[in-house]
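As structure tokens, the structure follows; a few thoughts come after it.
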Amino acid sequence: MRPARALIDLSALRHNYQLARETTGAKALAVIKADAYGHGAVRVAQALEAQADGFAVACIEEALELRQAGICAPILLLEGFFEADELPLIVEHDFWCVVHSLWQLDAIEQTIVGKPLNIWLKMDSGMHRVGVHPADYESAYKRLLASEKVAKVVLMTHFARADELGSARTDEQVAIFQSAREGLSAEVSLRNSPGVMGWPNVPSDWVRPGIMLYGATPFDQPQSVADRLQPVMTLESKVICVRELPAGEPVGYGGAFVTDRNMRIGVVAMGYADGYPRQAPTGTPVMIDGHRSQLLGRVSMDMLCVDLTHVPAAGVGSRVELWGKNVLASDVATHAGTIPYQIFCNLKRVPRLYSGD
Ligand SMILES: *Cc1c(COP(=O)(O)O)cnc(C)c1O
Numbered sequence: 001m002r003p004a005r006a007l008i009d010l011s012a013l014r015h016n017y018q019l020a021r022e023t024t025g026a027k028a029l030a031v032i033k034a035d036a037y038g039h040g041a042v043r044v045a046q047a048l049e050a051q052a053d054g055f056a057v058a059c060i061e062e063a064l065e066l067r068q069a070g071i072c073a074p075i076l077l078l079e080g081f082f083e084a085d086e087l088p089l090i091v092e093h094d095f096w097c098v099v100h101s102l103w104q105l106d107a108i109e110q111t112i113v114g115k116p117l118n119i120w121l122k123m124d125s126g127m128h129r130v131g132v133h134p135a136d137y138e139s140a141y142k143r144l145l146a147s148e149k150v151a152k153v154v155l156m157t158h159f160a161r162a163d164e165l166g167s168a169r170t171d172e173q174v175a176i177f178q179s180a181r182e183g184l185s186a187e188v189s190l191r192n193s194p195g196v197m198g199w200p201n202v203p204s205d206w207v208r209p210g211i212m213l214y215g216a217t218p219f220d221q222p223q224s225v226a227d228r229l230q231p232v233m234t235l236e237s238k239v240i241c242v243r244e245l246p247a248g249e250p251v252g253y254g255g256a257f258v259t260d261r262n263m264r265i266g267v268v269a270m271g272y273a274d275g276y277p278r279q280a281p282t283g284t285p286v287m288i289d290g291h292r293s294q295l296l297g298r299v300s301m302d303m304l305c306v307d308l309t310h311v312p313a314a315g316v317g318s319r320v321e322l323w324g325k326n327v328l329a330s331d332v333a334t335h336a337g338t339i340p341y342q343i344f345c346n347l348k349r350v351p352r353l354y355s356g357d
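Quick note on numbering: the sequence shown equals residues 1 to 357 in UniProt numbering.
Next comes the structure, spelled out in structure tokens:
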């Protein structure tokens, strides 16, 4: 059997969820959209259900998958509905629903919903992606209440730059949000993972941690909460072939790496078809039988090459950690010019094996 696989440590996941709650003292919706950032939404939801205040996903398709797997906890649809004809299902399954645009408000007013909805009214406090304009926010809130189709409204917004700890933008967004919601007495939800970890003074009834649940930091600098996260996913495989090469020999497609001395090169069963980033350059860290080493040359679809020169005991069958508890996914992401979010979401083909249930 091909040795490539992703090990998912569910006890680390629970630790990280608890850390989000303890850090903020708030209720926390575990964000498990995009198949729990590649970790498997159903298994992640099952592992967290006993402790989680609820879950958040991107769309009704993701939410239905969870309900069909027997998850009874609250589930928030982070983009609400895309078409008004989703409303009956939202009611039937008790999904909580973001309203980010006035057309959604119109649709709620015009549709018989049967049972009052739990709405999270999103404000555009400065990210300028989705959200109701601050000037329209109070009237949107009042329209929702007047429609008698809502049981409860939570006031929410989303940060554009909370991962930049030195940026003034997050405080500006909070100020815009607070001024536009003045006088509206409802629960609030502002913080994503970087907000939870790096912005302690933001008001929070509910927080929405995503990436931190999976044990990766959203920051590109050391940070105290980040130090306490436990990586959840370990992507590993094995060395399947060893080459001894003299100096001056090209390795892999394009000859993108050329040996600069006598070298031992290990070929690993892992490639970009598994989600390992093709953009990762020579020098990207890997761990071989517990020794730090590096990627060499271009990543292929099913294989990649690593340096075994200084790991003489390593050979065919040696275990390689591509990311996990030793090689941080955020470090691999930095080398590859991307972010750990995308590293995780790209995972495919490899079987996921769960532990810590
Ligand atoms: C994805 C998402 C989150 C989670 O973001 P992280 O940075 O992964 O914590 C929170 N809120 C909203 C609205 C989102 O879309």
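Just so it is clear, CB atoms sit at the ideal spot from N, CA and C, and this is done for glycine as well.
Separation of Ala-58 from Trp-323, as counted between CA atoms: Position 323 of the sequence shown holds residue 323. Position 58 of the sequence shown holds residue 58. Each residue's alpha carbon lies about 26 Å from the other.
contact_flag[the segment 193–209, the segment 240–252] where n(CB pairs < 8 Å) is 3 or more: Contact between the segment 193–209 and the segment 240–252 is not established, with fewer than three Cβ pairs separated by less than 8 Å.
Inter-stretch contact (C-beta, 8 Å, three-pair minimum) for the segment 156–171 and the segment 187–200: yes
Asp-261 in three-state terms, based on DSSP: Within the sequence shown, numbered from 1, the residue matching residue 261 stands at position 261. Correcting the residue identity first, residue 261 is Arg in this sequence and not Asp. Arg-261: coil per DSSP, three-state reduction.
Check whether Ala-216 and Pro-340 have beta carbons under 9 Å apart: As a first step, residue 216 is located in the sequence shown; it is residue number 216 there, counting from the start. As a first step, residue 340 is located in the sequence shown; it is residue number 340 there, counting from the start. Yes, the pair counts as a contact, with Cβ atoms nearer than the cut-off.
For Leu-190, three-class secondary structure by DSSP: For the purposes of this step, residue 190 is taken as the residue at position 190 of the sequence shown. DSSP places Leu-190 in coil when its eight states are reduced to three.
Whole-angstrom distance between Thr-284 and Thr-334, CA atom to CA atom: Your numbering for residue 334 matches position 334 in the sequence shown. Your numbering for residue 284 matches position 284 in the sequence shown. The straight-line gap from Cα to Cα measures roughly 9 Å.
Met-303 beta carbon near ligand 1 (any heavy atom closer than 8 Å): On the sequence shown, residue 303 is found 303 positions in, with the first residue counted as 1. False, no ligand heavy atom lies under 8 Å from that Cβ.
Where the beta strand (DSSP E) through His-291 begins and ends: For the purposes of this step, residue 291 is taken as residue 291 along the sequence shown, with counting starting at 1. From DSSP, the beta strand (DSSP E) with His-291 extends over 291–296.
Ligand 1 heavy atom lying under 8 Å from the CB of Asn-192: The residue you call residue 192 lines up with position 192 of the sequence shown. Yes, Cβ of Asn-192 sits closer than 8 Å to a heavy atom of ligand 1.
Reduced DSSP secondary structure (H/G/I, E/B, other) of Lys-115: As a first step, residue 115 must be located in the sequence shown, where it is residue number 115. Note: Lys-115 maps to coil in three-state DSSP.
Beta-carbon spacing of Gly-38, Asn-326 below 9 Å: For the purposes of this step, residue 38 is identified with residue 38 of the sequence shown, where counting begins at 1. For the purposes of this step, residue 326 is identified with residue 326 of the sequence shown, where counting begins at 1. No; because the gap between Cβ atoms is not below 9 Å, this pair is not in contact.
contact_flag[the segment 65–83, the segment 246–254] where n(CB pairs < 8 Å) is 3 or more: In short, these stretches do not touch, since the Cβ pair count stays below three.
Closest residue to Leu-48 among Ala-26, Ser-11, Glu-79 and Gly-80 (Cα-Cα distance): If you number the sequence shown from 1, residue 48 lands on position 48. The residue with the shortest Cα to Cα distance from Leu-48 is Ser-11.
heavy atom of ligand 1 below 8 Å from Leu-78 C-beta: As a position in the sequence shown, residue 78 is number 78, starting the count at 1. Distances taken from the Cβ of Leu-78 to the heavy atoms of ligand 1 include one shorter than 8 Å.
CA-to-CA distance, Glu-109 to Phe-95, given in whole angstroms: Along the sequence shown, read from residue 1 onward, the residue named residue 95 stands at position 95. Along the sequence shown, read from residue 1 onward, the residue named residue 109 stands at position 109. Near 18 Å, if we compare the C-alpha coordinates of Glu-109 and Phe-95.
For Arg-143, the first and last residue of its enclosing alpha helix (DSSP H): Position 143 of the sequence shown, counting from 1, holds the residue named residue 143. Counting along the chain, the alpha helix (DSSP H) containing Arg-143 begins and ends at 134–147.
Helix, strand or coil at Ile-32 [DSSP, three-state]: Locating residue 32 in the sequence shown gives position 32, where the first residue counts as 1. Residue state, collapsed to three classes: coil.
Counted within 10 angstroms of its Cβ, other Cβ atoms place Arg-292 as buried (16 or more) or exposed: For the purposes of this step, residue 292 is taken as the residue at position 292 of the sequence shown. Label assigned to Arg-292: exposed.
Contact between the segment 97–111 and the segment 129–147 (3+ Cβ pairs under 8 Å): yes
Cα-Cα separation between Gly-210 and Asp-9, rounded to whole angstroms: If you number the sequence shown from 1, residue 210 lands on position 210. If you number the sequence shown from 1, residue 9 lands on position 9. Cα to Cα, the separation comes out at about 16 Å.
Nearest to Asp-220 (by Cα), restricted to the options Asp-163, Gln-46 and Gly-266: Within the sequence shown, residue 220 is the residue found at index 220, counting from 1. Cα-wise, what sits closest to Asp-220 is Asp-163.
C-beta atoms of Ile-176 and Ser-125 nearer than 9 Å: Along the sequence shown, one-based indexing puts residue 176 at 176. Along the sequence shown, one-based indexing puts residue 125 at 125. In this structure, Ile-176 places its C-beta atom within 9 Å of the C-beta atom of Ser-125.
For His-93 and Ala-52, the rounded distance between their alpha carbons: Counted from its first residue, the sequence shown places residue 52 at position 52. Counted from its first residue, the sequence shown places residue 93 at position 93. Each residue's alpha carbon lies about 18 Å from the other.
Contained beta strand (DSSP E) runs [length at least 3] in the UniProt domain "Alanine racemase C-terminal" (232–355), N- to C-terminal order: The qualifying runs are 233–245, 263–268, 285–288, 291–296, 304–307, 319–323 and 352–355.
Local conformation of Phe-177 per DSSP, three classes: What you label residue 177 is simply residue 177 of the sequence shown in a count that begins at 1. Phe-177 falls in the helix class under three-state DSSP.
Contacting residues, own chain, Cβ-Cβ under 7 Å from Ala-151 (five flanking each side not counted): Translated into the one-based positions of the sequence shown, residue 151 becomes position 151. Counting only Cβ-Cβ distances below 7 Å, and skipping sequence neighbours, we find Pro-116, Leu-117 and Asn-118.
Neighbourhood of Thr-338 by C-beta, 8 Å cutoff - its chain only, sequence neighbours within 5 removed: By one-based count along the sequence shown, residue 338 stands at place 338. Excluding positions up to five away in sequence, the list reads Pro-277 and Gln-279.
Trp-103: first and last residue of the uninterrupted alpha helix (DSSP H) it sits in: Within the sequence shown, numbered from 1, the residue matching residue 103 stands at position 103. Residues 102–110.
Check: Arg-67 C-beta below 8 Å from any heavy atom of ligand 2: With respect to small molecules bound, the structure shown includes ligand 1 and not ligand 2.
Chain-order list of residues whose beta-carbon lies under 7 Å from that of Ser-271 (same chain, five-residue window excluded): Counting from one through the sequence shown, the residue named residue 271 turns up at place 271. Contrary to the premise, residue 271 reads as Gly rather than Ser in this sequence. If we look at Gly-271 and ignore the five residues flanking it on each side, its Cβ neighbours are Val-299, Ser-300, Met-301, Asp-302, Met-303 and Leu-304.
Spatial distance of Val-207 from Glu-79 (CA atoms): One-based indexing of the sequence shown puts residue 207 at position 207. One-based indexing of the sequence shown puts residue 79 at position 79. Cα-Cα distance, rounded: 16 Å.
From Leu-184, Val-258 and Arg-161, residue whose alpha carbon lies closest to that of Leu-144: The residue labelled residue 144 in the question sits at position 144 within the sequence shown. Residue Leu-184 is the option with its Cα nearest to Leu-144.
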